[in-house]
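Residue numbers (full-length UniProt numbering): 1 to 360. Cβ atoms here follow ideal geometry from the backbone N, Cα and C, with glycine treated the same way. As the structure is a computational prediction, the values presented were derived from the model and not from experiment.
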């Protein structure tokens, strides 16, 4: 058992708190990881605000990279000293999805079995089974993906959630390939990841859609060839005009609201693909004419974590970064300490940052 500092949310909507947490020694199949960097993701804010569930107190943070400090019995894939990116979908290998050769859909993912706690014994609920706004955390060893230690931790950790979700939405779920036209609605961290993924895949036209001119400028840096300010023009009409009147081959909704999903639906070409990667809230509903769903053909897909397989995708993307082919550094707006998380949440609301990264 170790005492470390960590950032927790004690109750719905209250300010986060930097406090002492207890990290157990790793049990069978588990690992303790010394966190070197952790991105501040909207999902952490959702946890704090009670938008995920009410299993308070939460140990926040999940978009992280660090060094394995110790492992439990039976762990063979990682060892102390390995530089790893943490993931929240450690595949089981035995569920029906894994046995069908689709482990990125694993229905029985693993987390550590023993909880981290406060000094009084109160069990903490780690965000997405990770809890990385802390100096160290306990995870299942399958949540640790070994990557090249040449990568900067502040950059590598971003693959643990938002950037991977965006890249994967384009490449894995959307199947973007060379020559395609792609529109991305919402240009935060996930949306810009989708722009970067479409660029990597060789898309000919990449249309970034947002209501914030700053975010549209950021999207250009990741490969957007066109931008659309949805406050000024109808984004569906604009996307159609840019694509010779047809609509985009793939439209990615990185916002996750009924109105943006309808825009995505009608902004795609016949037989095109819509990918929903933005996370809706439980109260949201969608109504579309069923004849339009039938008549437009194509595919309506949801993207879970960019349909990624961490063991396959994280090392590949880090290699592309180290080769200068994937500009991950541009996602990092600022590096902050553990006591700066609440302020980072405020800057997230105002759109002043693409990603704040905690350096414990």
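8 Å Cβ cutoff met for residue i and residue j
i, j, result
"residue 129", "residue 166", "no"
"residue 366", "residue 187", "The chain is shown from 1 up to 360; residue 366 falls before or after that span and cannot be answered."
"residue 92", "residue 76", "no"
"residue 39", "residue 131", "no"
"residue 277", "residue 249", "no"
"residue 286", "residue 258", "yes"
"residue 354", "residue 189", "yes"
"residue 358", "residue 341", "yes"
"residue 33", "residue 114", "no"
"residue 246", "residue 327", "no"
"residue 251", "residue 183", "yes"
"residue 163", "residue 331", "yes"
"residue 59", "residue 338", "no"
"residue 15", "residue 122", "no"
"residue 255", "residue 336", "no"
"residue 8", "residue 99", "no"
"residue 271", "residue 297", "yes"
Neighbourhood of residue i by C-beta, 8 Å cutoff - its chain only, sequence neighbours within 5 removed
i, result
"residue 72", "25, 26, 27, 28, 29, 30, 31 and 141"
"residue 79", "68 and 71"
"residue 150", "322"
"residue 145", "84, 85, 86, 87, 310, 311, 314 and 315"
Residues near residue i by beta carbon distance below 6 Å, same chain, minus five either side
i, result
"residue 107", "95 and 97"
"residue 143", "86, 87 and 90"
"residue 243", "181"
"residue 37", "65, 153, 154, 157, 357 and 359"
"residue 203", "176, 180 and 182"
"residue 226", "207 and 242"
"residue 215", "187"
"residue 307", "104, 168, 172 and 173"
"residue 41", "63, 161 and 162"
"residue 303", "169, 173, 275 and 277"
"residue 224", "195, 206 and 208"
"residue 345", "45"
"residue 198", "170, 176, 182 and 206"
"residue 112", "30, 138, 139 and 140"
Whole-Å CB distance - residue i paired with residue j, under 8 Å assumed
i, j, result
"residue 13", "residue 50", "7 Å"
"residue 195", "residue 219", "5 Å"
"residue 236", "residue 266", "5 Å"
"residue 126", "residue 137", "7 Å"
"residue 177", "residue 301", "That pair is no contact at about 15 Å."
"residue 260", "residue 299", "With 8 Å as the limit, residue 260 and residue 299 do not qualify as a contact, their Cβ atoms being about 18 Å apart."
"residue 351", "residue 212", "5 Å"
"residue 134", "residue 5", "7 Å"
"residue 309", "residue 103", "6 Å"
"residue 161", "residue 3", "The pair is not a contact, with the Cβ atoms about 27 Å apart (cut-off 8 Å)."
"residue 159", "residue 348", "Actually they do not touch by this definition, with Cβ atoms about 19 Å apart."
Strand pairing of residue i, partner residues [DSSP]
i, result
"residue 18", "7"
"residue 182", "206 and 250"
"residue 302", "276"
"residue 70", "32"
"residue 83", "67"
"residue 58", "9 and 125"
"residue 38", "64 and 358"
"residue 90", "110"
"residue 23", "2"
Chain-order list of residues whose beta-carbon lies under 7 Å from that of residue i (same chain, five-residue window excluded)
i, result
"residue 119", "20 and 22"
"residue 47", "9, 58, 60 and 127"
"residue 238", "228"
### Length-filtered (3 minimum) beta strand (DSSP E) runs lying within the region 315 to 343
334 to 336
### Task
With a floor of 3 residues, list each beta strand (DSSP E) that falls wholly inside the region 98 to 151, ordered by position along the chain.
136 to 140 and 144 to 146
### Query
In chain order, which beta strand (DSSP E) runs of at least 3 residues are fully inside the region 199 to 277?
205 to 210, 226 to 229, 248 to 253 and 268 to 276
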